[in-house]
Amino acid sequence: MNISRLVLRNFKGFEQFDQRLNKRFTLIVGKNGVGKSSILDALSVAFGTFLLGIPNATSRHIQKGEVRETSRQFDDSLDFIAAYPAVVEAEGTLFDPLSGQSHSLVWKRELNNPKGRTTVKDAREIRLLSDTAYAAAIDGLDPTLPLLSYYGTGRLWGEPKRIAQKERPSRFDAYRNSHEPRVSAGDLFDWLRRLRLSEFETERSSPLLKAWRGAVESCFDDQVAVTYSPSRERVEVTFESNDQTIAYENLSHGQRNILSMIGDIAYKAIILNPHLGAEAISNARGIVLIDEIDLHLHPTWQRRIIPALLAAFPGLQFVATTHSPFVIQSLNHGVMLDLDKRELDDRVHNLPIVDIIEDVQGVENQNRSESYLHKMQGAESYLRQVERMAESENPAERAELERRLDQMERDFQDPGLEALMKIERQTRTKRGE
């Protein structure tokens, strides 16, 4: 599956939204509150339509709380009205799970009233393809399934949740938590444990495990070896720089973030399409959404995460959000969607960081700290008041300005600056007398 266009109406903060997406990477930027995460939520609704035909899959519908609200002020009260219908419409490509033939589709989901359900009548074609895929898997025809996953800002693993003995692993387990903000480690831990035990029993390395490790290790900012220890029942990372082995739980948040997310993507790619074997990762098709892709990452790692993802998963479409100029600078294949300006830009790769911070992110005076700028603005305001006092011949106005200047001096909270401003005040007022 690939989504090339997203159209929204009355979804969260968007009254109207219509934007094209890049087939490989769309990086969404903008100030807080402009709707970056809302775009990912809408895309989750869009790709979740495919999961309607998969029993036990976690699908995604438009929630009542996601309907845009309008408001009007009446004296001392506000009137809020939900702006139905809320609409998520997508245009894209879905490959036939059996023939591999490409289907260009347009599908739409709507929530028309607070007591209704999200409609499916305008999504019959995509629902039919998912029904076909599920039926083909039952018949042993090995359909090629799309990888669909959304990683929110709470995506770090919690404690591993073991699968109950009565539950058997299925390729469709990959769709169980497609929209969850956290990565569910239980299925992955169980899968890693089985592969490692098989290696010990057969005395042969597993090509699936090798492919999984290759994807995960390639996205680290250091040379590492990742494995699962059956005896200690944990994932471990060995760093070649110091030959130190660290358990997953003791890694930094940035390392855990990458290991859990990349490990989950690679694991889902393999179990979704077991007939592809070790090639399942490189041949995976589908959509991955990542909120705050720079989460917990050092700037040196922020610079390489996009190229690493694109290299590890050459067939996936990524849509991610960021506030990092280093991530923006690294966008070598794809486009940046600037929500502040509602425009696409494919020319940000390798721009100087200064240009990205000032021109793209709109941060002025980026060479100075906020406290420095605050002091500078306070000093400028102080000197303007001094000039007014020096030019004024009105005793009442001069008295008010004197009071105001005294207060501003106390607010400087910098003895050196306060002394300097007092000397300047005395000099200028004497000159005006």
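Residue numbers for the sequence shown follow UniProt numbering, so the first one is 1 and each next one is one higher.
Note that beta-carbon positions come from the ideal geometry of N, C-alpha and C, so glycine has one too.
Go ahead and label residue i buried or exposed: buried means 16 or more other beta carbons lie within 10 angstroms of its beta carbon, across all protein chains shown.
i    : result
H179 : buried
Q407 : exposed
R213 : buried
R109 : buried
P395 : exposed
N350 : exposed
M427 : The sequence given here has Thr at residue 427, not Met. Burial call: exposed.
N177 : buried
T300 : exposed
T202 : exposed
R232 : exposed
N273 : buried
A42  : buried
L420 : exposed
G286 : buried
K268 : buried
N32  : exposed
G362 : exposed
I54  : buried
K166 : The predicted model places K166 with a pLDDT of 46, which falls under 50 and marks its position as unreliable; any figure quoted below should be read in that light. The residue is exposed, with fewer than 16 neighbouring Cβ atoms inside 10 Å.
R384 : exposed
P169 : exposed
I423 : exposed
Assuming residue i contacts residue j (C-beta within less than 8 Å), just tell me the rounded distance between them.
i    : j    : result
D414 : V29  : Not quite, the Cβ-Cβ distance comes to about 35 Å (not below 8 Å), so this is no contact.
F11  : S38  : 7 Å
L259 : P230 : That belief does not hold up - the Cβ atoms of L259 and P230 are roughly 18 Å apart, past 8 Å.
G92  : L105 : 6 Å
G100 : T144 : 7 Å
T238 : A225 : 4 Å
K210 : A284 : About 16 Å separates the two Cβ atoms, so there is no contact after all.
A137 : A215 : In fact, because the Cβ distance is near 24 Å, the residues do not count as touching under 8 Å.
Inspect the beta-carbon positions of residue i and residue j and report whether they are closer than 8 Å.
i    : j    : result
E183 : D294 : Residue 183 is actually Val in this sequence, not Glu. In this structure, D294 does not lie closer than 8 Å to V183 by Cβ.
L208 : I306 : no
S218 : A308 : yes
T321 : L40  : yes
L21  : S4   : yes
V348 : M336 : yes
Y175 : L148 : yes
V120 : D340 : no
T118 : I62  : yes
R72  : G13  : no
L344 : F25  : no
Pull up the distance between the alpha-carbon of residue i and that of residue j, whole angstroms please.
i    : j    : result
K115 : K64  : 9 Å
R194 : V7   : 43 Å
E249 : A57  : 29 Å
F200 : M1   : 37 Å
S59  : V45  : 8 Å
T429 : E402 : 11 Å
A173 : L289 : Going by the sequence as given, residue 173 is Asp instead of Ala. Taking the straight line joining both Cα atoms gives about 18 Å.
G140 : L276 : 14 Å
D96  : S102 : 6 Å
L316 : K23  : 8 Å
H333 : F318 : 11 Å
P352 : I328 : 10 Å
E89  : E66  : 15 Å
E380 : G186 : 60 Å
R162 : D190 : Reliability fails at R162, whose pLDDT of 49 lies under 50, so the model's placement of it is uncertain and the value that follows must be treated cautiously. Near 7 Å, if we compare the C-alpha coordinates of D190 and R162.
P160 : S330 : Legend: pLDDT at P160 = 45, less than 50; position of this residue unreliable, value from coordinates given subsequently. Approximately 33 Å between the Cα atoms of the pair.
Q302 : F326 : 6 Å
W107 : F47  : 10 Å
R9   : E397 : 55 Å
Y150 : D75  : 43 Å
A390 : G378 : 19 Å
S252 : S282 : 28 Å
N257 : H298 : 12 Å
E358 : S324 : 13 Å
D142 : L98  : 7 Å
Out of the options, which has the shortest C-alpha to C-alpha gap to residue i?
i           : options                : result
E15         : V87, T58, V216, C219   : V87
D291        : H333, S198, M261, E199 : M261
L188        : R9, T227, A135         : T227
L111        : A135, S99, Y84, Q101   : Y84
Q255        : H275, F220, D243       : F220
R425        : S392, F412, L405, Q223 : L405
R124        : L51, T70, E66, S170    : L51
residue 434 : Q223, L251, Y134       : With the chain covering 1 to 433 only, the question about residue 434 has no answer from this structure.
L94         : A135, R398, L331, R127 : R127
R342        : P55, F17, I357         : F17
D122        : Y151, A135, L98, T49   : T49
D411        : R388, E391, M389, Y382 : Y382
P314        : E393, K422, A266       : A266
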